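Protein sequences appear in the order of chains A and B.
Everything in the first sequence is counted per my numbering, starting at 907 for the first residue and increasing by one.
Everything in the second sequence is counted per my numbering, starting at 40 for the first residue and increasing by one.
Where a beta carbon is used, it is the ideal one built from N, C-alpha and C, also for glycine.
On a predicted model such as this, the values are computed, not experimentally measured, just so you know.
These notes concern the structure reproduced below.
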Amino acid sequence: MPGDFAFKGCRKIQGSQIIHLLKAKDFFLFDCDGVLWHGEHAINGAPKVVNSLIRQGKNVFFVTNNCTRPRENYVNKFYRLGFTDVIQEQIFSSSYCSALYLRDVAKVQGQVFVIGGEGVRKELREAGIPIVEDEIDATDATIYDCALTQNVKAVLMGHDDKFTFLKLARASCYLRDPECLFLATDNDPWHPLQNGRILPGSGCLTAALEVATGRKATVIGKPSRFMFECISSQFPLQPAQCLMVGDRLETDMLFGANCGLDTMLTLTGVSQMKQAESYRDSKQHTNQNFVPDYVVDTIADFLPAFDVLD
Amino acid sequence: MAVSKCTRLTGPLIKQLLDSVDNVLFDCDGVIWRGDQAIPGAVGVINLLRKNGKRVFFVTNNSSKTRKMYAEKMSLLGFDAKEEEVFGTAYCLAMYLKTIIKLEGKVYLIGNNAMKQELENVGIQQTGSGPDLIFGTPSDWANVPLDPEVKAVVVGFDWDFSYMKLNRAMQYLSNPDIVFVGTNTDTRLPLEGGKAIPGTGCIVKSVETAAQRQAQTVGKPSRFMFHCVASQFGLDGARCLMVGDRLDTDILLGSNCGLKTLLTLTGVSTLADAEAHQKSGAPERLGMVPDYYVESIADLLPALQG
């Protein structure tokens, strides 16, 4: 049964089992990095899988914690890498969803102090949310003379390669006001690049701010449910008819479990089969939430099924 | 042995306590000074303790000054203190690397000038201190050149903390043979003028999250801070009194090392905090209950003057 944590299969599937799944599900939610592409290279067969699903009338969405580009840039990337049928409305990034949260859920009245790049800022501006624009680029600015902007009602922490101690200090000043919201686009501690290399993620920066303030951030991105609620508010999703496809057990699979969706792990990204099995065999029953229902080596394993279904 | 704890130190109890110890260890921020102002009466207390034949030491988690800089600050505020009596985490971390880790090699330093100096004083070279801003592409960052002589990543208070430094530390720490040490985990750092800013604990946590590893910590409540003082001066814990304003660092250090403990209420922790730990009965919280408390260390003056 979907979402039944006691019996997550963690089963590698292929051939007729995939056909069965493709027939049973109407909504396909894909993570991007490590599932559809690695950096600027599409995973072999992935564009054909996505284009085929869309052409067959399936509802396809993209759910990514990556907040480094605005959605319109993502559309360009999809197109550039061969996913030619993807439109902006299908893309749900943590930056876009943070903007929706601020506008529609928190209904923030006042400015937002953003630690993050253009990927986040642009989404907020497009949603009509005022952000603190007077940036601390002055190299001699210190905590002694940093003039705090009035009326800051939320702090949003995103991925920021220009992160500095001064930004941390300013953010923690704003968060002294308990009425000021503390949001984070995501909690990922690190991200993989090609060749096994990794880079620090937003989770490291959020952790610093949580320690400074003694407060916990509200996390917008996976594994929190909010991005699913975002999609649901715009499209008629039925959890039982959804399949969440991702590469990271602690974000994608947990996200699926939290939203009552069936989950599929693809092995082209972060998590390995061994790790999934380890969670499955663990005595802690909450670890079952990290276990996928299904496993494929790559989403290209869907391709033979399309030949049958066409 | 059931000992009554969290007792107000007053009257004849003061002399009784002071007679039972030879050495008094003071935390600094919130105990003998606040920012750049001495706590009224603190200078008198320290001077009189010495006159009464007690040895006095200063034990602080603040990593932004060398022992020399601390001695200078104390002098400015009227305290008569020698460098050798001051134990800040910049100094203690250098000693930890030298005497406990016996480090052979360089350190990648996220820290400050004081830490750099204290490391140099024990002959340990560092790389990485100062500003370090982002340049190039994500691929460049993930492939930053790593100095093969670096054998430890060290984290202390750093105004110049940045994403790039976080990245470099993470890249070094992916090698499990590289040692990971932090000065302290205090969440806030008190400044001159009474303001407070994010503390070293934030920076340590950030690096721990990226590296998915835990740092060893030198500062209170780690026993090493006491060990550093005790080994240099031949101190017997049972004849020592730890005076501090924080239950989770100063008092816990004292309890961990078998010292007598005195909480002063001129800093971070309150009497209510102490009593809450006491009432909880939880074993991990009992170490944070002080033996005694005073409103301010000036409360010791009458007994010392008498």
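Can you tell me where the beta strand (DSSP E) with residue i in it begins and where it stops?
i: B:R227; result: 227–229
i: A:C1148; result: 1148–1152
i: B:F96; result: 94–99
i: A:T1055; result: Segment: none, A:T1055 is in no beta strand (DSSP E) and carries neither H nor E.
i: B:T222; result: Segment: none, B:T222 is in no beta strand (DSSP E) and carries neither H nor E.
i: B:K234; result: Here B:K234 belongs to no beta strand (DSSP E), and DSSP marks it neither H nor E.
i: A:I919; result: No beta strand (DSSP E) contains A:I919, which DSSP labels as neither H nor E.
i: B:C279; result: 279–283
i: B:L148; result: 145–149
Relative to the C-alpha of residue i, which candidate in the options has its C-alpha closest?
i: B:T128; options: B:D284, B:Q76, B:P260; result: B:P260
i: B:I71; options: B:G326, B:P341, B:L302; result: B:L302
i: B:C267; options: B:T99, B:C67, B:Y202; result: B:T99
i: B:Q210; options: B:P187, B:G221, B:T224; result: B:P187
i: A:Y1185; options: A:F1161, A:M1170, A:D1168, A:L1155; result: A:L1155
i: A:F1196; options: A:H1065, A:D1203, A:L1215, A:M1150; result: A:M1150
i: B:Y332; options: B:L280, B:P177, B:A77; result: B:L280
i: A:A1090; options: A:C973, A:A1075, A:Q962; result: A:C973
i: A:F998; options: A:I1137, A:H1191, A:V1214, A:A1206; result: A:I1137
i: B:M264; options: B:A133, B:S178, B:L57, B:R89; result: B:A133
i: B:K93; options: B:F174, B:L274, B:L304, B:T305; result: B:L274
i: A:L1054; options: A:V969, A:F933, A:T1119, A:Y1080; result: A:Y1080
i: B:G276; options: B:G175, B:F174, B:V193, B:K299; result: B:K299
i: B:K107; options: B:D58, B:N160, B:V95; result: B:N160
i: A:D1153; options: A:R1131, A:I925, A:A1182; result: A:A1182
i: A:V966; options: A:R1076, A:Q1147, A:K918, A:T1192; result: A:Q1147
i: A:Q1056; options: A:T1070, A:L1115, A:A1077; result: A:A1077
i: A:D939; options: A:G1175, A:V1125, A:D1207, A:N1193; result: A:G1175
Check the C-beta distance from residue i over to residue j and give it rounded, since I have them as a contact under 8 Å.
i: A:R1060; j: A:L1006; result: Strictly speaking, residue 1060 of chain A in this sequence is Ala, with Arg absent from that position. Not confirmed; about 13 Å, so no contact.
i: A:L1291; j: B:W180; result: This structure gives no information on residue 1291 of chain A, because the portion of chain A shown stretches from 907 to 1216.
i: B:S335; j: B:G80; result: 7 Å
i: B:D197; j: B:G150; result: 5 Å
i: A:G945; j: A:P1210; result: Actually they do not touch by this definition, with Cβ atoms about 27 Å apart.
i: A:G1023; j: A:H1065; result: 7 Å
i: A:K1128; j: A:D1158; result: 6 Å
i: B:L116; j: B:A77; result: 4 Å
i: B:K44; j: B:V328; result: 5 Å
i: A:L942; j: A:F934; result: The pair is not a contact, with the Cβ atoms about 12 Å apart (cut-off 8 Å).
i: B:P184; j: A:L1099; result: Not quite, the Cβ-Cβ distance comes to about 16 Å (not below 8 Å), so this is no contact.
i: B:V307; j: B:D330; result: Contact flag wrong, Cβ pair sits at about 18 Å.
i: A:L1111; j: A:M1179; result: Their Cβ separation, rounded to whole angstroms, is 31 Å, which puts A:L1111 and A:M1179 out of contact at 8 Å.
State the start and end residues of the unbroken alpha helix (DSSP H) segment that holds residue i.
i: A:E1110; result: Sequence inspection shows Cys at residue 1110 of chain A; the Glu mentioned does not correspond to that position. Taken as a continuous stretch (DSSP letters only), the alpha helix (DSSP H) holding A:C1110 covers 1108–1119.
i: B:H266; result: 263–272
i: B:T239; result: 239–250
i: B:L88; result: 81–90
i: B:L132; result: 128–134
i: A:F1134; result: 1132–1140
i: B:V328; result: Where B:V328 is concerned, there is no enclosing alpha helix (DSSP H), given that its DSSP letter is neither H nor E.
i: A:K1073; result: 1071–1080
i: A:N957; result: 952–961
i: B:L172; result: Careful: B:L172 lies outside any alpha helix (DSSP H) and carries neither H nor E.
i: B:A311; result: 310–319
Any heavy atom of the ligand ZN within a distance shorter than 7 Å of the CB on residue i?
i: A:F934; result: Of the ligands one can find in the structure shown there are none, so the ligand ZN has no counterpart to examine.
Would you list, in chain order, the members of the stretch 1108–1119 of chain A that have their beta-carbon closer than 9 Å to a beta-carbon of chain B?
Those residues of the stretch 1108–1119 of chain A that come within reach of chain B (Cβ to Cβ, closer than 9 Å) are G1109, C1110, L1111, T1112, A1113, A1114, L1115, E1116, V1117, A1118, T1119.
Going along the chain, which residues of the stretch 1137–1169 of chain A sit with their C-beta nearer than 9 Å to a C-beta in chain B?
Under the 9 Å Cβ criterion, the stretch 1137–1169 of chain A contributes no residue.
At what residue ranges does the stretch 980–1036 of chain A contain a whole run of the alpha helix (DSSP H), taking only runs of 4 or more?
Within the stretch 980–1036 of chain A, the runs of alpha helix (DSSP H) at least 4 residues long that lie entirely inside it are, in chain order, 1000–1006, 1024–1032.
Which runs of the alpha helix (DSSP H) fall wholly inside the stretch 185–212 of chain B and span at least 4 residues, in chain order?
Segments of the alpha helix (DSSP H) lying fully in the stretch 185–212 of chain B: 202–212.
Can you list, in chain order, the residues of the stretch 1079–1109 of chain A whose Cβ is nearer than 8 Å to any Cβ on chain B?
Only those residues of the stretch 1079–1109 of chain A whose C-beta falls short of 8 Å from the nearest C-beta of chain B are listed: P1095, W1096, L1099, Q1100, R1103, I1104, L1105, P1106, G1107, G1109.
Counting only Cβ-Cβ distances shorter than 8 Å, please list the residues of the stretch 146–158 of chain B near chain A, keeping chain order.
Those residues of the stretch 146–158 of chain B that come within reach of chain A (Cβ to Cβ, closer than 8 Å) do not exist; the list is empty.
At what residue ranges does the stretch 1170–1214 of chain A contain a whole run of the alpha helix (DSSP H), taking only runs of 4 or more?
Fully enclosed alpha helix (DSSP H) runs of 4 or longer: 1179–1187.
Closer than 7 Å, Cβ to Cβ, to anything on chain B: give me those residues from the stretch 1063–1079 of chain A, in chain order.
The residues in question are D1066, D1067, K1068, F1069, T1070, F1071, L1074, A1075, S1078.
Members of the stretch 170–192 of chain B near chain A, C-beta cut-off 7 Å:
Cβ contacts with chain A come from I173, P177, S178, W180, A181, N182.
Could you list the residues in the stretch 237–251 of chain B with a C-beta less than 9 Å from some C-beta on chain A, going in chain order?
The stretch 237–251 of chain B vs chain A, Cβ under 9 Å: P237, G238, G240, C241, I242, V243, K244, S245, V246, E247, T248, A249, A250, Q251.
Any residues in the stretch 288–311 of chain B with a beta carbon nearer than 7 Å to a beta carbon of chain A? Which ones, in chain order?
Closer than 7 Å at the C-beta level to chain A, one finds no residue of the stretch 288–311 of chain B.
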